[in-house]
Amino acid sequence: MQKPVNQRQLSWVSSLNILTTERFLEFADQLQSTSEFGPIQNPILTFSGGVLPIQLTGTPSQVRSEFEQLKDKRFTSVNFKGVFPNQNNLNMTIGANLGIGNI
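Take the sequence shown: its letters are residues 434 to 536, numbered as in this note's numbering.
Here it is, written out as structure tokens:
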């Protein structure tokens, strides 16, 4: 018998100066250290779709290290994924489409 899946999807609009790649890095760091659901296992952060034809993927610290070396830090898409093992392996995915102006 299959278990029912409880999924939630929320959407909201944010201003350009609030939702930035730098703030998403801060958010990923804070979520790992202050989550009410316990520690996150396998956190993966992805930045993609920028001026440079690259995609940054890895743990938040790996992505931050590569991100800080870039001259042009504009990206159009950000995703953060993680698993909370203390909450029956609750999976979390947070994504954002970022506005970067004219490329």
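Even for Gly, the Cβ is constructed at its ideal location relative to N, Cα and C.
DSSP state of residue i mapped onto helix, strand, coil
{"i": "Val511", "result": "strand"}
{"i": "Leu458", "result": "helix"}
Residue span of the alpha helix (DSSP H) that contains residue i, given as start and end
{"i": "Pro493", "result": "Pro493 to Glu501"}
Continuous beta strand (DSSP E) stretch holding residue i: start and end
{"i": "Asn530", "result": "Leu523 to Asn530"}
{"i": "Thr453", "result": "Element bounds for Thr453: n/a, residue is neither H nor E."}
{"i": "Leu478", "result": "Gln474 to Gly483"}
Residue i versus residue j - alpha carbon distance
{"i": "Ser466", "j": "Gln474", "result": "12 Å"}
{"i": "Lys509", "j": "Phe500", "result": "Per the sequence shown, the amino acid found at residue 509 is Thr instead of Lys. Looking at the two C-alpha atoms, the distance is approximately 14 Å."}
{"i": "Arg497", "j": "Thr454", "result": "10 Å"}
{"i": "Pro476", "j": "Ile487", "result": "20 Å"}
Residues of its chain near residue i, where Cβ-Cβ distance is below 6 Å and the 5 sequence neighbours each way are ignored
{"i": "Asn519", "result": "Gly471"}
{"i": "Ala529", "result": "Leu452 and Val511"}
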